[in-house]
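Position one of the sequence shown corresponds to residue 12 (this note's numbering), numbered consecutively onward.
Built from N, CA and C at the ideal position, the CB exists for glycine as well.
Keep in mind it's a predicted model, so treat the numbers as computed, not measured.
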Amino acid sequence: MKLFIRNFYYTFPLVAALFATVLFSCTKDIKVPDKVIDNDGLVDQGVTSSLTAVIGSDTFRSTQTLAIINDTSIKISGSNANGDIIELYVRDTVLGVFKVGSDTTCSYKDAKNNEKYVANKATDQGNITISSIDSAKKLITGTFVFIGRQTVGVKTRTITEGSFKLKLDWKKTHEVNVNDTVYREDRPGIIDSLSAVYNATDTIIFNPLKPYQYLGWLHLEGTKNGDKFHINFPPNIEPGTYMLSGDLSTYSAYYLDSISPTVKYRYVADGASELIITENNTLTRKVIGTFNFHGVVEGTTPEMTVELSSGKFLFSY
12 MKLFIRNFYY TFPLVAALFA TVLFSCTKDI KVPDKVIDND GLVDQGVTSS LTAVIGSDTF
72 RSTQTLAIIN DTSIKISGSN ANGDIIELYV RDTVLGVFKV GSDTTCSYKD AKNNEKYVAN
132 KATDQGNITI SSIDSAKKLI TGTFVFIGRQ TVGVKTRTIT EGSFKLKLDW KKTHEVNVND
192 TVYREDRPGI IDSLSAVYNA TDTIIFNPLK PYQYLGWLHL EGTKNGDKFH INFPPNIEPG
252 TYMLSGDLST YSAYYLDSIS PTVKYRYVAD GASELIITEN NTLTRKVIGT FNFHGVVEGT
312 TPEMTVELSS GKFLFSY
């Protein structure tokens with residue numbers, strides 16, 4: 012029987028002034044040699060990764076960290092026991108001081124209040140210092156400071172005394188940006204998967220396509236025998252249970268059934284469709300969950316429907 016499947020489609024004025032005049036200069040230098048020895052004598056064995064900072068009067072200490080370097084950029088993340096997250100990004104792979112802007116981004120997520128603060132514009136204040144990179148020992152060290160702007164709202168948060176000493180995941184891959192869509196070429200250690208039971212009869216194992224992000228929205232999809240299933244996730248994905256819809260204003264999904272090269276039916280999710288996100292790890296960039304999809308071809312009489320039940324997905328993005 013032909014397997015029909017669908018596309019399921021981030022204290023104070025004086026401190027700020029000091030930052031602007033003293034801390035936030037940018038001097039890139041020194042191309043990374045084959046080996047750079049860490050100034051404080053870190054050794055490869057027994058190194059504990061850490062990322063710390065002061066946020067207002069509170070100290071941030073990481074419990075989970077991630078550091079990745081590829082052909083074009085450096086990405087650093089750390090989360091604490093409260094679920095707060097600090098993320099740093101430099102679109103370069105050299106030692107130096109990088110002022111925040113379009114190629115250097117700092118962000119802080121306050122998990123308790125579900126607020127995110129970013130510094131990613133030339134007018135923002137902050138910098139990231141890459142002090143050492145040891146490709147042999149796979150270690151990276153550095154410091155950072157920034158003032159983050161609330162992504163929704165007008166508040167700011169000042170992050171000072173930022174420091175990191177991390178084991179490094181070295182990836183000879185890169186990101187590709189096409190018309191503001193970012194495609195990740197490296198998805199370390201994760202095998203993507205997408206499957207479901209079609210109309211309570213056949214189990215369909217889709218060929219998962221590379222996830223992509225557009226204007227902050229995440230798109231996951233898989234294909235099988237010309238058909239395609241697509242799930243659409245809004246920004247700031249959180250674990251939970253959500254209704255899938257047929258429009259693109261929220262969590263949505265569709266299934267494209269290719270009867271022939273010229274005949275295709277597009278089934279969109281209706282009110283009976285459900286998505287359960289069990290995990291969204293922003294450090295490893297992995298999302299896991301299940302779904303039940305009831306799709307309809309709008310405007311058909313009698314109404315054409317399809318069921319994809321017991322659906323499962325695991326994607327890195």
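For residue i, the first and last residue of its enclosing beta strand (DSSP E)
i: Arg168; result: Thr167 to Lys178
i: Ala75; result: In the sequence under discussion, the amino acid at residue 75 is Gln, which differs from the Ala named in the question. Counting along the chain, the beta strand (DSSP E) containing Gln75 begins and ends at Gln75 to Ile80.
i: Gln224; result: Tyr223 to Tyr225
i: Ser320; result: Met315 to Ser327
i: Thr105; result: In the sequence on display, residue 105 carries Val and not Thr. Counting along the chain, Val105 falls outside any beta strand (DSSP E), and DSSP gives it neither H nor E.
i: Ala147; result: Careful: Ala147 lies outside any beta strand (DSSP E) and carries neither H nor E.
i: Ala207; result: Ser204 to Tyr209
i: Asn292; result: Glu285 to Asn292
i: Ser88; result: Ile85 to Ser90
i: Val111; result: Counting along the chain, Val111 falls outside any beta strand (DSSP E), and DSSP gives it neither H nor E.
i: Asp281; result: Counting along the chain, Asp281 falls outside any beta strand (DSSP E), and DSSP gives it neither H nor E.
i: Thr214; result: Asp213 to Ile216
Check whether residue i and residue j have beta carbons under 7 Å apart
i: Phe302; j: Leu231; result: no
i: Thr104; j: Ile80; result: yes
i: Leu179; j: Ile141; result: no
i: Arg160; j: Thr169; result: no
i: Lys275; j: Ser269; result: yes
i: Phe324; j: Gly306; result: no
i: Tyr128; j: Ile97; result: no
i: Tyr328; j: Arg296; result: yes
Spatial neighbours of residue i in its chain, beta-carbon cut-off 7 Å, leaving aside the 5 residues before and after
i: Ser320; result: Ala207, Val208, Ala211 and Asn303
i: Phe217; result: Ile16, Leu205, Ser206, Gly233, Thr234, Lys235 and Phe240
i: Leu34; result: With a pLDDT of 42 at Leu34, under the threshold of 50, the modelled position of this residue cannot be trusted; read the value that follows with caution. Result list for Leu34: Asn138 and Val156, in chain order.
i: Glu172; result: Ala64 and Val65
Reduced DSSP category for residue i - H, G, I as helix; E, B as strand; rest coil
i: Tyr276; result: strand
i: Asn125; result: coil
i: Ser271; result: coil
i: Gly257; result: coil
i: Thr70; result: strand
i: Asp238; result: strand
i: Asn131; result: coil
i: Glu249; result: coil
i: Tyr262; result: coil
i: Gln136; result: coil
i: Arg160; result: strand
i: Asn93; result: coil
i: Thr311; result: coil
i: Ser118; result: strand
i: Gly153; result: strand
i: Gln56; result: In this predicted model, Gln56 has a pLDDT of only 38, less than 50, meaning its place in the structure is not dependable; the value taken from the coordinates is given anyway. Reduced to three states, the DSSP call for Gln56 is coil.
i: Phe304; result: strand
i: Thr295; result: coil
Cβ-based neighbour list, residue i, same chain, cut-off 6 Å, excluding 5 preceding and 5 following
i: Lys176; result: Ser61 and Thr152
i: Pro246; result: Gly227
i: Leu77; result: Ser88 and Leu294
i: Met315; result: Val308
Cβ neighbours of residue i in the same chain (closer than 8 Å, five flanking residues each side left out)
i: Tyr262; result: Ile242, Asn243, Phe244, Pro245, Tyr253, Met254, Leu255, Ser256 and Leu286
i: Ile248; result: Leu229, Ile288, Asn291 and Val298
i: Asp114; result: Val101, Arg102 and Asp103
i: Lys132; result: Val111, Gly112 and Ser113
Proximity test, residue i beta-carbon vs the ligand MG heavy atom, cut-off 6 Å
i: Val163; result: For the ligand MG, the structure offers nothing, since it holds no ligand at all.
Answer yes if the stretch 110-125 comes into contact with the stretch 85-97, meaning at least three C-beta pairs across the two stretches below 8 Å, and no otherwise.
yes
| field | Meets three-Cβ-pair contact criterion under 8 Å: the stretch 108-117 and the stretch 136-154 | value | yes
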